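Numbered as in our numbering, the sequence shown ends at 225 without a single skipped number.
Just so it is clear, CB atoms sit at the ideal spot from N, CA and C, and this is done for glycine as well.
From a predicted model like this one, the values you see are computed outputs, not experimental measurements.
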Amino acid sequence: MRETHLEEPVEVVVVEDDGRTLKTLVRLLSSFSELRVVGSAVTGEAALQIVEALTPRLVLLDLELPGIDGIEVTRRIRAAHADVEVLILTSFDDETKVYQAIQAGAGGYLVKREAPRLLRQAIQDVLDGGTVIEPRLARRFWNFFQSAQGGAAEDATRSLLSEVERDILQMVARGLTNQEAGRVLKLDRRTVRTHLSHIYRKLGTSSRSEAVVRALQKGLIHL
């Protein structure tokens with residue numbers, strides 16, 4: 003018999019206040035061999051408790067929750083556990099919500115109606131270091147972001163990041179994963195991760211999405 007070596011499934015926590023939707027999501031995620039659902043929650047408070055107890059690799063999170071809302075849950079998770087990725091899955095088709103979620107540290111934002119078609123790839127992209135925004139929302143989000151920033155970016159100092167750091171962050175902003183960015187720049191994935199760690203420290207951020215927003219605000223990268 004040929005011996006096989008399989009990677010451990012990625013541990014996922016699902017946070018959704020609607021019981022029927024929660025069961026559907028758990029069933030869908032459980033059908034993906036690369037994932038393992040280790041817990042679920044129906045409130046923001048319960049979500050924070052279960053993440054603290056289990057420290058999953060990924061949290062699939064609704065925005066509209068009883069008690070603490072999804073934006074604040076995202077912010078607290080990312081502040082306490084920088085290695086835990088958050089992917090927003092919500093009914094809100096609203097670029098302002100995307101903006102708030104990305105600022106809070108979410109690695110991606112999907113609308114529920116697109117979950118069957120896009121969720122599996124979106125999870126993989128977020129885990130690989132990409133930033134995922136539901137395609138129909140992406141253009142509206144960036145237009146909203148640039149409008150909200152006005153001319154503030156003109157005063158930015160480009161010396162804050164090195165050229166290679168700006169190149170990496172530019173690619174992250176366009177949705178490339180760490181591996182894809184490394185392929186373009188002829189760097190291995192570990193080197194890209196090291197550069198991203200330096201970027202986070204320089205910008206005072208803790209995630210790719212936060213770093214992209216901060217760099218855009220400072221005019222260090224452009225879309």
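N- and C-terminal bounds of the alpha helix (DSSP H) containing residue i
{"i": "T76", "result": "G72 to A82"}
{"i": "G46", "result": "G46 to L56"}
{"i": "L31", "result": "G21 to S32"}
{"i": "S211", "result": "R210 to K220"}
{"i": "G184", "result": "N180 to L187"}
{"i": "I170", "result": "E165 to A175"}
{"i": "T196", "result": "R191 to L205"}
Those residues which DSSP pairs with residue i across a bridge
{"i": "G41", "result": "V15"}
{"i": "T92", "result": "V113"}
{"i": "V134", "result": "G110"}
{"i": "E87", "result": "L60"}
Burial state of residue i, where buried means 16 or more other Cβ atoms lie within 10 Å
{"i": "D127", "result": "buried"}
{"i": "V61", "result": "buried"}
{"i": "T207", "result": "buried"}
{"i": "D190", "result": "exposed"}
{"i": "D85", "result": "exposed"}
{"i": "S33", "result": "exposed"}
{"i": "S209", "result": "buried"}
{"i": "D130", "result": "exposed"}
{"i": "R203", "result": "exposed"}
{"i": "R59", "result": "buried"}
C-alpha gap between residue i and residue j, whole angstroms
{"i": "L139", "j": "E97", "result": "6 Å"}
{"i": "E47", "j": "E212", "result": "23 Å"}
{"i": "R122", "j": "G221", "result": "33 Å"}
{"i": "A117", "j": "L187", "result": "32 Å"}
{"i": "T2", "j": "H83", "result": "Residue 2 lies beyond the range of the chain shown here (3 to 225); nothing can be said about it."}
{"i": "V16", "j": "G72", "result": "12 Å"}
{"i": "S199", "j": "A81", "result": "15 Å"}
{"i": "A183", "j": "A124", "result": "17 Å"}
{"i": "E165", "j": "P68", "result": "44 Å"}
{"i": "I104", "j": "H224", "result": "17 Å"}
Unbroken beta strand (DSSP E) run spanning residue i, endpoints
{"i": "L62", "result": "L60 to L63"}
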